[in-house]
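As structure tokens, the structure follows; a few thoughts come after it.
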Amino acid sequence: MKLTSRLRHAIAAGLALMPAAAWAEPVNISYLTHWSPETVALLETAAKEFAKTNPDVTVTVRAVPFGDLLTTLRSQGGGGEGATIAGIYDLWLPELVRDKLVAPAPEAVAGEVKGAWPAGVVSAASVGGALYGIPNEIDVYALNYNKALFKEAGIAAPPKTWDELKDAAKKLTKKDAGQQGFGMINSWAAGVVHPFASLLVSNGGELVTDGKPALDSKQAGETFQLYEDLIKSGVSDPSMATADANTTGPFLDNFVSGKTGMIIMANWWESALKNGMGDKFSNIATAPIPVGPSGDKPRSISYSWMTVVNAGASETQQKAAWDFLAWLNSPKSGQNGGSAMSGILMSMGILPSRSSDVEAYKDKLGSEFLAGYVGVLADAKPFPVVLGGQEFSESLQQTLEALQYGQVSAKDAQKNAQADATSILERAAKK
Amino acid sequence: MSAEALTGTTAWLPRKRASGGRALLATLMLLVAVASAFPLVWMVLSSLKTTAETMQVPPVWLPRTPNLEAYEKVAGVVNVGRSMWNSLIIASITTAGILLTSMMAGYAFAKYRFRGRTLLFSVLIATMFLPPIVTLIPLYRMVGSMGLSTSLAGVILPNLANAFGIFLMRQFIAGVPDDLIDAARVDGASELLILFKIVMPSIAPAIAALALFAFVYHWNSYLWPLTVLQGNSENYPIVISLSRLLSYNRGAMNTGLVMAGATLAVLPPLILFVFLQKFFVDSIVGSGVKG
Amino acid sequence: MTKTYRASAGIMLTPAVALIGVFILLPMLLTIWLSFQDWSTQTPFDAAVFVGFDNFREIFGSTSIGRDFTGALLNTALYTLMSVALILPLSVAFGLMVYQRSVAGGTMLRTVLFSTYMVPMIAVALVWSKLYSPTEGPLNQMLGLIGIGPQPWLSSPSTALMSIVFLNVWQQVGYFTVLAVAGLTQIPGSLYEAAEIEGANPWQQFWAITLPLLKRTLLFSAVIAIINAVQVFEPVALITQGGPVGSTNVLTYHIRRVGIERAQGGLGSAMAVTLMLSLIVVISAVFAFINRRDDE
Numbered sequence: 002m003k004l005t006s007r008l009r010h011a012i013a014a015g016l017a018l019m020p021a022a023a024w025a026e027p028v029n030i031s032y033l034t035h036w037s038p039e040t041v042a043l044l045e046t047a048a049k050e051f052a053k054t055n056p057d058v059t060v061t062v063r064a065v066p067f068g069d070l071l072t073t074l075r076s077q078g079g080g081g082e083g084a085t086i087a088g089i090y091d092l093w094l095p096e097l098v099r100d101k102l103v104a105p106a107p108e109a110v111a112g113e114v115k116g117a118w119p120a121g122v123v124s125a126a127s128v129g130g131a132l133y134g135i136p137n138e139i140d141v142y143a144l145n146y147n148k149a150l151f152k153e154a155g156i157a158a159p160p161k162t163w164d165e166l167k168d169a170a171k172k173l174t175k176k177d178a179g180q181q182g183f184g185m186i187n188s189w190a191a192g193v194v195h196p197f198a199s200l201l202v203s204n205g206g207e208l209v210t211d212g213k214p215a216l217d218s219k220q221a222g223e224t225f226q227l228y229e230d231l232i233k234s235g236v237s238d239p240s241m242a243t244a245d246a247n248t249t250g251p252f253l254d255n256f257v258s259g260k261t262g263m264i265i266m267a268n269w270w271e272s273a274l275k276n277g278m279g280d281k282f283s284n285i286a287t288a289p290i291p292v293g294p295s296g297d298k299p300r301s302i303s304y305s306w307m308t309v310v311n312a313g314a315s316e317t318q319q320k321a322a323w324d325f326l327a328w329l330n331s332p333k334s335g336q337n338g339g340s341a342m343s344g345i346l347m348s349m350g351i352l353p354s355r356s357s358d359v360e361a362y363k364d365k366l367g368s369e370f371l372a373g374y375v376g377v378l379a380d381a382k383p384f385p386v387v388l389g390g391q392e393f394s395e396s397l398q399q400t401l402e403a404l405q406y407g408q409v410s411a412k413d414a415q416k417n418a419q420a421d422a423t424s425i426l427e428r429a430a431k432k
Numbered sequence: 008m009s010a011e012a013l014t015g016t017t018a019w020l021p022r023k024r025a026s027g028g029r030a031l032l033a034t035l036m037l038l039v040a041v042a043s044a045f046p047l048v049w050m051v052l053s054s055l056k057t058t059a060e061t062m063q064v065p066p067v068w069l070p071r072t073p074n075l076e077a078y079e080k081v082a083g084v085v086n087v088g089r090s091m092w093n094s095l096i097i098a099s100i101t102t103a104g105i106l107l108t109s110m111m112a113g114y115a116f117a118k119y120r121f122r123g124r125t126l127l128f129s130v131l132i133a134t135m136f137l138p139p140i141v142t143l144i145p146l147y148r149m150v151g152s153m154g155l156s157t158s159l160a161g162v163i164l165p166n167l168a169n170a171f172g173i174f175l176m177r178q179f180i181a182g183v184p185d186d187l188i189d190a191a192r193v194d195g196a197s198e199l200l201i202l203f204k205i206v207m208p209s210i211a212p213a214i215a216a217l218a219l220f221a222f223v224y225h226w227n228s229y230l231w232p233l234t235v236l237q238g239n240s241e242n243y244p245i246v247i248s249l250s251r252l253l254s255y256n257r258g259a260m261n262t263g264l265v266m267a268g269a270t271l272a273v274l275p276p277l278i279l280f281v282f283l284q285k286f287f288v289d290s291i292v293g294s295g296v297k298g
Numbered sequence: 263m264t265k266t267y268r269a270s271a272g273i274m275l276t277p278a279v280a281l282i283g284v285f286i287l288l289p290m291l292l293t294i295w296l297s298f299q300d301w302s303t304q305t306p307f308d309a310a311v312f313v314g315f316d317n318f319r320e321i322f323g324s325t326s327i328g329r330d331f332t333g334a335l336l337n338t339a340l341y342t343l344m345s346v347a348l349i350l351p352l353s354v355a356f357g358l359m360v361y362q363r364s365v366a367g368g369t370m371l372r373t374v375l376f377s378t379y380m381v382p383m384i385a386v387a388l389v390w391s392k393l394y395s396p397t398e399g400p401l402n403q404m405l406g407l408i409g410i411g412p413q414p415w416l417s418s419p420s421t422a423l424m425s426i427v428f429l430n431v432w433q434q435v436g437y438f439t440v441l442a443v444a445g446l447t448q449i450p451g452s453l454y455e456a457a458e459i460e461g462a463n464p465w466q467q468f469w470a471i472t473l474p475l476l477k478r479t480l481l482f483s484a485v486i487a488i489i490n491a492v493q494v495f496e497p498v499a500l501i502t503q504g505g506p507v508g509s510t511n512v513l514t515y516h517i518r519r520v521g522i523e524r525a526q527g528g529l530g531s532a533m534a535v536t537l538m539l540s541l542i543v544v545i546s547a548v549f550a551f552i553n554r555r556d557d558e
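These protein sequences, in sequence, are chains A, B and C.
Straight run, no breaks: the first sequence in the working numbering ends on number 432.
Straight run, no breaks: the second sequence in the working numbering ends on number 298.
Straight run, no breaks: the third sequence in the working numbering ends on number 558.
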């Protein structure tokens, strides 16, 4: 007995020691993303690097417009032909797990992630305690403002409170020149909901507490009221706020051309601003979200992206996928102790979330534009990752847009938002 | 086939038209033509502008020096050749299928009498009024379970027969004289032979029209290929590849690029149309007349 | 019919009938069946659970599901109505312009008008989104030249849907113009000659002769225009995503979002069934209306 089992162990040990290449068959895996072609090129370069040490693995990148990403993922329906790896927005994770479309990370990977990433980001990539993805990008919101316009209007510093915000916006609004003090966004769920949520949490409020919507709170009421005030006083013009399927459009164009004084947006639009403004980009600065009457300190909303693996892919594909992802996100793959993934993200002006990556890019992250964002990261609350989250976002978007266009009052907006959110989250939790 | 030839007269409008009236009419027609052509002209002009010119406020109409830089960028983002090829495959195979199945079924409905003919015809024609969205969800699952997900075959297969095609073919085949067909039968020709050697040549314009209609429709088709192909950009037809242009550079500067891409997508169906429009228009007129 | 012909009929009919049966009729029946089930689009059909009329109750109910659906239904109805109301008269007017012989260029006009029908919807949507741009688009620029202020077009809930209607009408009016010309061709010239002899002017001739005799053509056009309008997708998917404030949320886009993106297959199917029934009612009504006028 003992001899055979020891023999078996010896054989197993021997097998484990043999070079992987000797047993490998070619594996094809695909990576689904919404990134632009230049970024995809960087990813493909990284894949080629990986192939040097893992010649049997070929990685093909499939890119779709952001607006189609979720539908593409969902259309794959758990088949083997779907993409092996997908870059997803953390809000989508709970439903993908519920529908068994994504596979839990192997022990080794999970262990490394838990050690190398901040706890909040890890929890956004986990469901029921099990890790399902490797987090990469983290996005956070801050107040963007145009220093040149501020100087012109005689405003010395960015607003710190809501009253200062309303005041500054008034000074920055010039109706006949088509200039608005504070820019909102519509026709794009995250663009509508996240800035609102940032103001809400800076007012001491929450979107969801213990799985139940908290939009009926006093703090939320004040936030809805702030929006109504901004619209009614004419410092924010909803028709300047439209976004298209590509998350660009008038709201961006107006800020770029100096027609909007302030706007709350995420860090990743840095490249869009730089491209659109050229030298004038130096006029842009960032500041923490203004604090509301019921808030104590500026807070922000954060959300993250991660890469997940298709549960319907074959075992060899899944293993190859996790190997590639682990390498892509490790300090080995990039420069200066950063990972290849962080190199890709930084090229787009996006914040990496892995602690070692944040260290490696300390200088770049210290740029005037990004420093404002990195500063608020510590006090940022993650956008709630719950079942029905996407639908919840979209319905809150509807209510806020109605508020923007003056179709409902702040009080009714609050009532509707809470009612809708409650029914959506309840129904989603039931399944 | 001019209106004059058809009706033998132009008397439906009074002959002596005041020249003021004619000038007004001419102006109106010019306005309509300009309004109709304007968006496409704007599209082509914009595709030849520099990126700075496309972002100018107020908009500049003519590019100072037309250049192809937008087209180069498109080629860098989208595999134009491959996408056009995919479009060609989808459009031509689907069209061939539609022609074949419609001719055969049209022939049966026009020249055979059998029990349930009217009922069957009505049921098939009713499907003409069904918007694709109604069958989208189960159809895409069906195609998936056939293992055709993300493949061109999955895009093509469900569209190989078309109720409108059957309707059109039946209309025109009904006009082919029975004696012609009977004579061929007496000579011992098989039904299929009759269909291809006798009926088909007689209704050639209608077939050309159906072919053009089906080809252009499926070249331009977006929702169904998008649903079937999902993320498999290798198989994207040109119209879906173009939507990738919207993702290009999360910045504000993609107008020229988008216009160049749109111009590329428009060219093949438009060129085809310019050459074959006579058949197209004539058959629409013709199917009404024979009505 | 003799045996050989029955066999031939079988051969001739089988390909078309089989394809349409499997790929259109079968999914249609499935959609009807699924509308009574609680089913996730991610799962195979056998995972469906029967829930009776629950889905229908929800989509007409008071929750956000119901509100979004009835909104989409209304938007689609409005969109269809406006499209048809613009297309029919314009097609007749343009048809007359193309058909007449006193001014040259009718055929040229027909070519230009009809060519827009060949353009892929995605190109149409992309071009018009740039034309409609509040600051960089030529439309507002031209309006400015004649003294009208800049319009929000796609940026305002009150104008966005109409803006898409214009886009749609622009693309399709050529096709319907050709249909109208076909209809005009069928009107015997002798009728006009007789009317002219009796002293009727062109306006009277139009109302007394042209319009009544165009009825069948207009019926056909109306039905096709309705079917086309209900299928609008690309402008919404690529440009407005149903906004702002859901004002351009139309049924095709909404059903795809609910049925595929949110994987709520049962609800999506119930919505599709409702659309189908609405179409049957509307098209029957159009037929009935025309036929009744016929009897008068």
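Note that beta-carbon positions come from the ideal geometry of N, C-alpha and C, so glycine has one too.
None of the values given here were measured: they were computed from a predicted structure.
For residue 62/A, the three-state DSSP class (helix, strand or coil):
strand
To the nearest angstrom, report how far apart residue 414/A and residue 124/A are at their CA atoms.
Cα-Cα distance, rounded: 31 Å.
CA-CA distance, residue 543/C and residue 205/A?
53 Å
Host beta strand (DSSP E) of residue 145/A (start-end):
Here the beta strand (DSSP E) through residue 145/A covers 134-147.
Could you please give the first and the last residue of the uninterrupted beta strand (DSSP E) stretch that includes residue 425/C?
It is not in any beta strand (DSSP E) - residue 425/C instead sits in the alpha helix (DSSP H) that spans 422-447.
Going by alpha carbons, who is nearest to residue 474/C out of 448/C, 499/C, 487/C and 489/C?
448/C
Mind pulling the chain B residues with CB within less than 8 Å of residue 73/A?
237 and 238
Contact between the region 108-115 of chain B and the region 272-287 of chain C (3+ Cβ pairs under 8 Å):
Because the criterion of three Cβ pairs below 8 Å is met, the region 108-115 of chain B and the region 272-287 of chain C touch.
With DSSP collapsed to three states, give me the class of residue 419/A.
Helix, per DSSP.
Could you check how far apart the C-beta atoms of residue 110/A and residue 306/A are, in whole angstroms? I think they sit under 8 Å.
Rounded, the Cβ-Cβ distance is 17 Å, inconsistent with contact.
Could you compute how far the alpha carbon of residue 310/A sits from the alpha carbon of residue 182/A?
44 Å
What's the gap between the Cα of residue 221/A and the Cα of residue 267/A?
Going by the C-alpha atoms only, they are around 21 Å apart.
Restricting to Cα atoms, I'd like to know which of 236/A, 235/A and 269/A is closest to residue 348/A.
269/A
Identify the residues that DSSP records as bridge partners of residue 90/A: which are they?
306/A
Just tell me which of 285/A, 217/A, 431/A and 233/A has its CA closest to the CA of residue 418/A.
217/A
Counting only C-beta atoms, is residue 364/C closer than 7 Å to chain B at any point?
Taking a beta-carbon distance threshold of 7 Å, residue 364/C counts as an interface residue toward chain B.
is_contact[residue 288/A, chain B] using C-beta, thresh 7 Å
no
If you run the structure through DSSP and keep just helix, strand and coil, what is residue 56/A?
coil
Please list, in chain order, the chain C residues whose beta carbon lies closer than 8 Å to that of residue 139/B.
493
So, for residue 301/C: in the same chain, excluding its five sequence neighbours on each side, which residues have a beta-carbon less than 6 Å away from its beta-carbon?
310, 527 and 528
Just the Cα atoms here: how many angstroms apart are residue 351/A and residue 137/A?
10 Å
According to the Cβ coordinates, are residue 168/B and residue 545/C closer than 7 Å?
no
Give the residues from the region 326-358 of chain C that approach chain A closer than 7 Å (Cβ to any Cβ), ordered along the chain.
Correct list: 326.
Cutoff 7 Å: residue 321/C Cβ touching any chain B Cβ
no
Is the CB-CB distance between residue 385/C and residue 272/B below 7 Å?
yes
Does residue 229/B come out as helix, strand or coil in the three-state DSSP assignment?
coil
Under 8 Å from the C-beta of residue 214/B: neighbouring residues of chain E
Here chain E cannot be found, since the structure's protein chains are A, B and C.
From residue 289/C to residue 90/A, what distance separates their C-alpha atoms?
Each residue's alpha carbon lies about 33 Å from the other.
Can you give me the C-alpha to C-alpha distance between residue 378/A and residue 198/A, rounded to a whole angstrom?
Straight-line Cα distance between these residues: approximately 15 Å.
Beta-carbon contacts of residue 431/C that lie in its chain and below 8 Å, excluding the five residues immediately before and after
345, 348, 349 and 352
Could you list which residues in chain C have their beta carbon closer than 8 Å to that of residue 403/A, in chain order?
Within 8 Å Cβ-Cβ: 507.
Quick check: is the beta carbon of residue 250/B nearer than 7 Å to any beta carbon in chain A?
yes
Beta-bridge pairing of residue 311/A - partner residues as DSSP gives them:
103/A.
Cβ contact (3+ pairs, closer than 8 Å) linking the region 434-448 of chain C and the region 369-386 of chain C:
yes
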